Every structure is written in structure tokens, then in C-alpha cells.
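Down below is the structure, laid out as C-alpha cells.
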């Protein structure tokens, strides 16, 4: 569990940067890609992670504006990426300005159960990572290049090998 705000933000900022890299690789044409009928599309997943930040923040008593109506998924990839980036900046700023390190250990009702704030922050990261993984599969299906997150992607690795010679 996190013990300080900066400890959380160090990890969060790295994860958010990864999400922004993924979102910035989407194209308008790729947004309808889905694994099967009645499953999230690539655009819906991107919009979901952008809108999840204010949902989790609200559970923590932190007010963060939504990037837009959750039910109205944008048809432009840039709107999703910009919405995520703007919401992320607002979240980080609100967390820094309204919390102290002592707030990390506070326990509150979150999604119907008692949980320490630090665990809720962990859940936010894991939720985002889960959906980002789904997005990378859909990106491949849509013919997009997937950026590396925890190491180089297939394309990045091939480029590294090529440059070694």
C-alpha cells in the first residue's frame, strides 16, 4: 500500500504516461474495433479509462471533472486522448492540493465496502492497467502499432535489434 502522496504519484504518473501513449496511438478508424459483438469497442475502453478517474476520485472524496458524457463516446481519437490527459492533470492537482499523507491511510466506504484510501488508489491503477491490456489486443486487431509499456513492443524490439548491427 502507498504511504505518501508522492509515493502514489510516482507510480501513477508512470502509469498515466503509459495510458497517454496508448491513447495517442489510436486513430479515428480504430475506435469501433471490438473483440466480439456486445463487448467494449476500443473507443469505449479509452473513454472508460478517461471517465474512471473522476469515478475513483469521487469515491475518495476528491472532485475531478469528467472529460465528457460517459454515454457519448467520441468518434475522434484525439478527443479521447485529450480528455484523459486533462482529467489526469485535474486529478493529480486535486490530490496534491486537498490531501496530506495522513489521508492515504484513512478508511472509507468505496464501492460499497470499507477500504483504505491507499488501496483505492491501488485499485485505480489496476483498473486502468486491466483495460489498457484489453486495448492493446484491440489495437493489434485494428492494425495499429502498440507502444511499449513495461518494455519494448514487438516493433520497438525489432528496431532495437536492427540498430545493434
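In the numbering used here, the protein residues as written are 25 to 189. In this text, a Cβ means the ideal position worked out from N, Cα and C, and glycines have one as well. Since this is a predicted model, take the numbers as computed values, not measurements.
One question on the structure: do residue 28 and residue 127 come within less than 8 Å of each other, judged by their Cβ atoms?
Taking 8 Å as the Cβ cut-off, residue 28 and residue 127 do not qualify as a contacting pair.
Exposed or buried, what is residue 156 when buried is set at 16 or more other beta-carbons lying within 10 Å of its beta-carbon? Result: buried.
* Per DSSP, which residues does residue 134 bridge with? Please list them. => The beta-bridge partner set that DSSP reports for residue 134 consists of 137.
For this session: Would you kindly work out how many angstroms separate the C-alpha atoms of residue 101 and residue 63, rounded to a whole number?
Result: Spanning the two alpha carbons is a distance of roughly 19 Å.
Same chain, Cβ closer than 8 Å to residue 164, five either side skipped, listed in chain order:
Cβ neighbours of residue 164 within its own chain (closer than 8 Å, five residues either side excluded): 170.
Quick check on residue 167: buried or exposed, where buried means 16 or more other Cβ atoms within 10 Å of its Cβ? By the neighbour-count rule (16 or more Cβ atoms within 10 Å), residue 167 is not buried but exposed.
Practice item. Write down every uninterrupted run of the alpha helix (DSSP H) in the stretch 110-182 whose length is 4 residues or greater and which is fully enclosed by it, in chain order. Key: For secondary structure counted as the alpha helix (DSSP H) over 4 or more consecutive residues, the stretch 110-182 holds these complete runs in sequence order: 141-165.
Exercise for review: Output yes or no for whether 8 Å exceeds the beta carbon distance between residue 86 and residue 152.
Suggested key: Taking 8 Å as the Cβ cut-off, residue 86 and residue 152 do not qualify as a contacting pair.
Measure from the alpha carbon of residue 105 to the alpha carbon of each residue in 83, 117, 69, then state which is nearest.
Among 83, 117, 69, the Cα nearest to that of residue 105 belongs to 69.
Can you list, in chain order, the residues of its chain with a C-beta nearer than 6 Å to that of residue 40? Leave out the 5 residues immediately preceding and following it. Here the set comprises 112.
Thinking C-alpha only, which one of 53, 79, 121 is nearest residue 134?
Of the candidates 53, 79, 121, the one whose C-alpha sits nearest the C-alpha of residue 134 is 79.
* Top-ranked residue by Cα proximity to residue 89, from 108, 161, 129 -> Residue 89 has its Cα closest to that of 108, out of 108, 161, 129.
*Output the distance between the C-alpha atoms of residue 145 and residue 32, rounded to the nearest integer angstrom.*
Residue 145 and residue 32 have their C-alpha atoms some 8 Å from each other.
Any idea what DSSP makes of residue 57, helix, strand or coil? DSSP places residue 57 in coil when its eight states are reduced to three.
Expressed to the nearest angstrom, what Euclidean distance is found between the alpha-carbon atoms of residue 178 and residue 54? Rounded to the nearest angstrom, the two C-alpha atoms are 19 Å apart.
Q: Count the other CB atoms, across all protein chains shown, that sit within 10 Å of the CB of residue 43; report buried if there are 16 or more and exposed otherwise.
A: Counting Cβ neighbours within 10 Å, residue 43 comes out buried, since at least 16 surround it.
Q. Given that a residue counts as buried once 16 or more other Cβ atoms are within 10 Å of its Cβ, and exposed if not, what is residue 129?
A. Exposed, by the Cβ-count rule.
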